Structures are given as structure tokens and as C-alpha cells.
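Below is one structure, written out as C-alpha cells; comments come after it.
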Amino acid sequence: MIKFVKRPEPSKAWTIATPILAVILTMILGGILFALMGKDPFAAIRTIFWDPLFNDQFAAYSRPQLLVKAAPLILIAIGLSLGFKAGIWNIGAEGQYIMGALAGAAVGLAFYPTDAWWIFPLMVIAGGIGGFLWAMIPAILKTRFNTNEILVSLMLVYIAEQLLASAALSWLRNPEGNGFPGSRNLSQIPAMSNPELIAGTGTHWGVVAAFAAVVAAYVLINKHMLGFQIRLTGESPRAARFAGVKDKLLVLFCLGVAGALSGLAGLFEVTGPAGQISIDFGAGYGFTAIIVAFLGRLHPVGILLAGLLLALTFIGGELAQFMLGLPSASIQVFQGMLLMTLLGMDIFVNYRLMIVKKEAV
Amino acid sequence: MDFGSINPVVLLASLMVASTPILMAALGEMVVEKSGVLNLGVEGMMITGAVCGFIVAVETGSPTLGFIAAAIGGMALSMVFALLTQVFLTTQVPAGLALTLMGVGLASLLGQNYQGLKPPPVSDLNIPGLDHLPVIGPILFQHDMMVYVSLLSIAGVWAFLKYSRAGLILRAVGENHSAAHALGYPVRMVRVMAIGFGGAMAGLGGAYISLVRVPQWTDGITAGYGWIALAIVVFASWKAWRILIGAYLFGGITVLQLNLQAAGAKVPVELLSMSPFLATIVVLVVISARRHGASNAPAMLGRIFHASH
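Chains as they are written, first to last, in the working numbering: chain A, 848 to 1208; chain B, 33 to 341.
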């Protein structure tokens, strides 16, 4: 009889091994899925994971896209990971991402057509504040009234999507756009654009911010008292309270940081790769970032790697759609499966597998 | 704007139709939570049910078979959650999220060739003798089968939890799984069955959207109903008859805002469309503020059970 015995401490080796095993297992399961859909599984997996990086024909275009897609995922996931560590479940990053983009774009467009160096930095600040304030709604409701932050932050995604629609259709619509929905193209206005900083790499300010966030989170979690309190609260809320952790402050901090980072991600996206506020601006980065955070084991370096991998699935997914006619939804299923297999394998981190002889009852 | 175009009888009748999907999903989730499990995958199970029901109904021409397929589809997806949380002892919050992420993708994948098709109509089951009553008749007694099924299942779940031995065991598992285990009750099995019931109900609710309410298949058709259902369980303080009130309240808001949109109210459409979500937040705040922490939630909600003996 097989029995799971709880480990006194999570296994370090399994902590690192499980994400890798989960990726491999998901590739196998995904391959089966693709085969069921009548596609060659090996060709599909190669197109998703190999061709965007190494194919002579596509790599030149795809490689820079890797950083473009990974940056918002990493920025958002770093913020989410702080809360997840402490058992604070902000799952409304998508809404905070949209609000950051809206706030930043609105501030920038208010100064149109002024051309000054300070406009872009001002937009960045506004974007961060927009996301921060949106995240403060579930945070304050939780600390004041003990309202469930999971549901509130999620509801706010739907509300943000409606605000986005109204912005694209009315109050931020391009007055010279011949009545088409969508704002002015911010990436074509020099004072507001977030350009590629190093040609051919995809590096824009959002990528810089993402790397900075990884370093800052690493320092915070490992070297700072606040990081210790976050970890302590996650592992034992009662012990944390006895140790004098101000749990309400922690809620505000974790949600606030996640909101600000998500808002920044939205701002860098709307001024760069997306270019404008449009109805379909929310592309689901806020939800995929949840997978990134878990796949990265809530560790900054892990999140960096996981962000790159999930970005690869987006790019490879598009390529597979183009080359093999693989439906775009299959990539979403693939990403969902990845999170599931990872969570399922967590048991090896926290439990030991033991084969015991059946005891006499 | 023309309020005169809003007929209160039609409004109330469509309220019942609009509420049914949320009612079923919320009722199923309430049973799951009563057993001590928090499944955040309601949205994913609903949309999977919606697509399964739609496909089978279109292919067979029978809405009834569609609903059966929807229940099976929702239950099948919920079994993935059961496997993760009950066998592999995964934390329930991320497992539920994963279920929603995967369910939404899976539904979109399955339904891609079914966009724009019309499902077979679900016929109304007029209750003889009552359906011609003035006012009350059209509001209450001229609905399709599933509306009555949803109302009966409220009564059924209420009676099951209150009077049956199995219901008592389910509540015991949700309130104290260690004690229930020590008494010899199969904690995991009870929870797996509860999760399966929740999945089937969410699937039925989803299919009601794609077969009756809309009736069509489009990506993301459940549009957050699964999440509202989760909020309604909190609103209802885990009581079956309160689920009815909660679901009808939100059905009412949904129908009212749609009618106001149609009547050309001088309120932005986006504000009307977000109103059910705004109302959900307000209700959650009011409920949680009033109870000051000491909530009626099952004590083991979201906790992992691992029998060491």
C-alpha cells in the first residue's frame, strides 16, 4: 500500500524539479491533445517550443517578441507572488492592468499635443497609481469589512473591462479616428511612446521594469524584514500575529504592490506593443501571470524563467496557429494543464511517498 | 426614454429565466462548500457544461440530452479538481483557478465549429390549470422544465442537508473533518461526491445559458456568472433557500439593466453592463461587514484533509 507521509519541511530538490517535470508532462499531455485534434504532436510541440527561438525563418521575428510578451507577465507575477506567499489571493490583476493603462493613457492624452520629455514619466506614474488604486478597493474592503478579496478583485476585472470599452468608444476615442473605436496611437506620439530601446531585442521600458522588479522582489523577500513577515504569514498566520506582524498592513502592501506593478505593465503595453486603448486591449496577461507565479514557485528568479516560458507558448502558439492551423484556444488549454500538473506534483514537495505493508486493523 | 415599454409581467418572467443558471451553479457550489471544499472553478465548469450541452443538443436535436451531457461534462471537469485536491492534496484556491482557466480554454476549443448555430428550442412546460391565471400564470407557470427543476433542487438540497443522514455526514465533514474521520466516515469520498454534484449543477446552469437564455454558442458565454454564483453562496450564508433569494436578486438586476438598455435609458451602456458586478461587491461588503468575521462558513472550508492514521 502506498502512503503519503508529510515531510517536516518542503523538499528543496522537489521544489526545483517539479516545475521542470510539470512542463515535460504537460508537453506529453498536450501532445496527446494535439494528436486527438488530428495534428502531428511532434510538429506541434516543436513549432511551439523550438521554432520561435531557433527556426531560421521565424526566429528573427519571434526572438524579440519573447521579451515583449514576457515583460508584462513577469511584472504582474512578481506582484502577485508576494500576496500568494502570504495567503492573500489577488486574482484581479487583469483589471489592475487595464486600469493602469487607462489612467496612464488618459493622463498622457490630456496633454496632447504637447511634446515634452516629462510626459512619458508622468504617464508611468499615473499607470502605477491607476493599478494601485484599483487594487486598493479589495484591499481596503478586506481590511475594513473582512470582505473576500478573491471575489472582489475578480468582479473588478469585469468592471474594468466595461470602463475600457467605454474609454475606447467615448471618452478616450481618437477624435481624428473617423469614428472608429480606439484611442490615438500612443506609440506613434513621440512624447508618449515606449519604444524599443535596443534594436532587435524587443527591450522596452517594461522589460527594464520587469528585470528591476525581479531584483527588488529578491532583495525584499530574502533580505528584508517585510519579506520575512510575508513568508511567516503564509506559513502560519497565527504565529505571525503573535510575532507582531500587522496583518492588515500586509494586505494593503501585497495588494498595493501587485496593483501598481500590474498597472505599470498595462501602461508599458498600451504605449508600446499594443499602441492604443482598444476594446480588446485586455489580452489575459493578468490571468496567465497567475500561472507564471506558481510555475516560478513564487520565487523571483523562478518567475523570470516561467515568464519567458509562458511567453514562448504565446508566440509558439501563434506560430502553430499560422503554420499548422492549431486553434488559439488550445494554447489556453495547454497553459491551464501546465498549472494543473504543477499543482498535482506539489505533493512530492510536501509529502514523502512510502510503501508500507498493510497494517492489521 | 420609454419606461412604458417595460412590461412588469414579462420582466418578472424573464427574471426567473435569467436567475436559473446562477441559481443552479450557486446551489451546487454551496453543497461543495458545505463539505469543506472551496472550488473556485465554477466559471470553468459552467462554460464546459454550456459547450457540452450545446454540442449534444445540436447534434442530437434533443435539448434534454443536451442538459444530460452538460451535467456529465461539468462533473467530468470537477473530477479533475477532485483528483487534485482530494488525492494529490493540492491547495484548493489555485486548483480552482486552474480549473477555470482550463475550462474556458477547453470550451472555446470544443465550440469553435459551433459558433452561430441555433440549438433546438427548449419547449415550455405550462402547468395545466395554473398557467392561465392572470399575472401569476405567465410569471410563474409558463416556463421550461429546467426552471422547475432548479426550484425543486433548492427544496431537495435543503431537505437533504437538514433531514437526511447523508446530509448530516456531509455537514459533519465540512465542520470537522478529523472528527468525522475518527467516527469512520469516508471524508474524501463524501467530498469527491459533493464536488461531482457541484460540477453537474454548474454544467446544467451553463447549458441553460447556451440553450435557453441566449440561445447560441459564443466564446466566454458565461461572462462571469460562475463568479457571481460563488459570491451568492457567501451572500446566502450557506443556506439553500437564501440561494434562491440571492440568485433572483441578481437575475433581477441583470434583467432590469438589459431592459433599461433596450428602453434607451440615458445611462451609459457600460455602467448598466457592470451593474451586476458592482451590486455583487456591494452585497459582499454588506454581508461581511454585518457579521464581523464570525461567519456562517463551514469551519473546514478550504482546508486540506490528510489522514495520518
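Backbone N, C-alpha and C fix where the C-beta goes; we use that ideal spot for every residue, glycine too.
Here the structure is a predicted model, which is why all the values come from computation and not from measurement.
Could you check if residue i is buried or exposed, using at least 16 other CB atoms within 10 Å of its CB as the buried criterion?
i: residue 155 of chain B; result: exposed
i: residue 92 of chain B; result: exposed
i: residue 166 of chain B; result: exposed
i: residue 1089 of chain A; result: exposed
i: residue 197 of chain B; result: exposed
i: residue 321 of chain B; result: exposed
i: residue 299 of chain B; result: exposed
i: residue 1082 of chain A; result: exposed
i: residue 1139 of chain A; result: buried
i: residue 1188 of chain A; result: buried
i: residue 160 of chain B; result: exposed
i: residue 1165 of chain A; result: buried
i: residue 66 of chain B; result: buried
i: residue 1146 of chain A; result: buried
i: residue 210 of chain B; result: exposed
i: residue 325 of chain B; result: Low confidence applies to residue 325 of chain B: its pLDDT is 49, below 50, so where it sits in the model is not reliable, and the reading given next is rough at best. Exposed, by the Cβ-count rule.
Compare the C-beta of residue i with all C-beta atoms of chain B and state if any pair is closer than 8 Å.
i: residue 999 of chain A; result: yes
i: residue 1154 of chain A; result: no
i: residue 1180 of chain A; result: yes
i: residue 1166 of chain A; result: no
Got a sec, what are the start and stop residues for the alpha helix (DSSP H) residue i sits in?
i: residue 291 of chain B; result: 272–294
i: residue 1021 of chain A; result: Here residue 1021 of chain A belongs to no alpha helix (DSSP H), and DSSP marks it neither H nor E.
i: residue 172 of chain B; result: 168–172
i: residue 158 of chain B; result: Premise fails: residue 158 of chain B lies in the beta strand (DSSP E), 156–158, not in any alpha helix (DSSP H).
i: residue 1043 of chain A; result: Element bounds for residue 1043 of chain A: n/a, residue is neither H nor E.
i: residue 185 of chain B; result: 177–195
i: residue 1144 of chain A; result: Residue 1144 of chain A -> no alpha helix (DSSP H), and no H or E assigned at all.
i: residue 68 of chain B; result: Run containing residue 68 of chain B: none; DSSP gives neither H nor E here.
i: residue 332 of chain B; result: Premise fails: residue 332 of chain B is in no alpha helix (DSSP H) and is neither H nor E.
i: residue 1094 of chain A; result: 1094–1118
i: residue 898 of chain A; result: 898–901
i: residue 969 of chain A; result: 966–992
Of the residues the options, which one's Cα is nearest the Cα of residue i?
i: residue 947 of chain A; options: A:1080, A:1092, A:1112; result: A:1112
i: residue 942 of chain A; options: A:994, A:1008, A:874; result: A:1008
i: residue 58 of chain B; options: B:330, B:263, B:320, B:284; result: B:263
i: residue 84 of chain B; options: B:298, B:232, B:293; result: B:232
i: residue 289 of chain B; options: B:269, B:279, B:306; result: B:306
i: residue 1171 of chain A; options: A:995, A:886, A:857, A:878; result: A:886
i: residue 215 of chain B; options: B:339, B:70, B:172; result: B:339
i: residue 238 of chain B; options: B:221, B:223, B:257, B:287; result: B:257
i: residue 1159 of chain A; options: A:853, A:913, A:1192; result: A:913
i: residue 1010 of chain A; options: B:317, B:302, B:150; result: B:302
i: residue 1095 of chain A; options: A:1184, A:1021, A:903, A:991; result: A:991
i: residue 1127 of chain A; options: A:889, A:945, A:850, A:880; result: A:945
i: residue 342 of chain B; options: B:73, B:177, B:145, B:74; result: The structure shown does not extend to residue 342 of chain B, since chain B is modelled only from 33 to 341, so the question has no answer here.
i: residue 1180 of chain A; options: A:852, A:884, A:866, A:1021; result: A:884
i: residue 111 of chain B; options: B:253, B:230, B:249; result: B:230
Less than 7 Å separating the Cβ of residue i from some heavy atom of the ligand ZN?
i: residue 1033 of chain A; result: As presented, the structure is devoid of all ligands, the ligand ZN included, so that no description of it is given.
Name the chain A residues that come within less than 7 Å of residue i, Cβ to Cβ?
i: residue 306 of chain B; result: 1005, 1006, 1009
i: residue 263 of chain B; result: 998
i: residue 141 of chain B; result: 1174, 1176, 1177, 1180
i: residue 134 of chain B; result: 1180, 1183, 1184, 1187
i: residue 313 of chain B; result: 999, 1002
Spell out whether any CB of chain A is found under 8 Å from the CB atom of residue i.
i: residue 129 of chain B; result: yes
i: residue 144 of chain B; result: yes
i: residue 249 of chain B; result: no
i: residue 48 of chain B; result: no
i: residue 300 of chain B; result: yes
i: residue 320 of chain B; result: yes
i: residue 33 of chain B; result: Confidence at residue 33 of chain B is low in this model, with a pLDDT of 49, below 50, so the placement of that residue is unreliable and no value is reported for it.
i: residue 282 of chain B; result: no
Hey, could you find the ends of the beta strand (DSSP E) residue i is sitting in?
i: residue 1202 of chain A; result: 1198–1202
i: residue 852 of chain A; result: 849–853
For residue i, go through chain B and note every residue whose CB falls closer than 8 Å to its CB, in chain order.
i: residue 1035 of chain A; result: Here the premise fails: no neighbours, minimum Cβ distance about 27 Å.
Note down, in chain order, every chain B residue with its Cβ under 7 Å from the Cβ of residue i.
i: residue 862 of chain A; result: Neighbours of residue 862 of chain A on chain B: none; closest Cβ ~15 Å, over 7 Å.
i: residue 936 of chain A; result: 125
i: residue 925 of chain A; result: The premise fails here: residue 925 of chain A is roughly 17 Å from chain B at the closest Cβ pair, so nothing lies under 7 Å.
Could you name the residues of chain A that residue i contacts, counting a contact when the two beta carbons are closer than 8 Å?
i: residue 185 of chain B; result: Within chain A, no residue comes near residue 185 of chain B; the closest Cβ sits about 23 Å away, beyond 8 Å.
i: residue 246 of chain B; result: The premise fails here: residue 246 of chain B is roughly 18 Å from chain A at the closest Cβ pair, so nothing lies under 8 Å.
i: residue 96 of chain B; result: Going along chain A, no residue has its Cβ under 8 Å from residue 96 of chain B, so there is no contact; the nearest lies around 28 Å.
i: residue 230 of chain B; result: What residue 230 of chain B touches in chain A: nothing, since even the nearest Cβ is about 17 Å away.
Which residues in chain B have a C-beta closer than 9 Å to the C-beta of residue i? List them in chain order.
i: residue 981 of chain A; result: Within 9 Å Cβ-Cβ: nothing; residue 981 of chain A doesn't reach chain B, min ~12 Å.
Going along chain C, which residues have a C-beta under 7 Å from residue i?
i: residue 310 of chain B; result: No chain C appears in this structure, whose protein chains are A and B.
Just to make sure I have the definition right: I need the residues of chain A whose C-beta is within less than 9 Å of the C-beta of residue i. Which are they?
i: residue 292 of chain B; result: In chain order: nothing, as chain A lies at least about 15 Å away.
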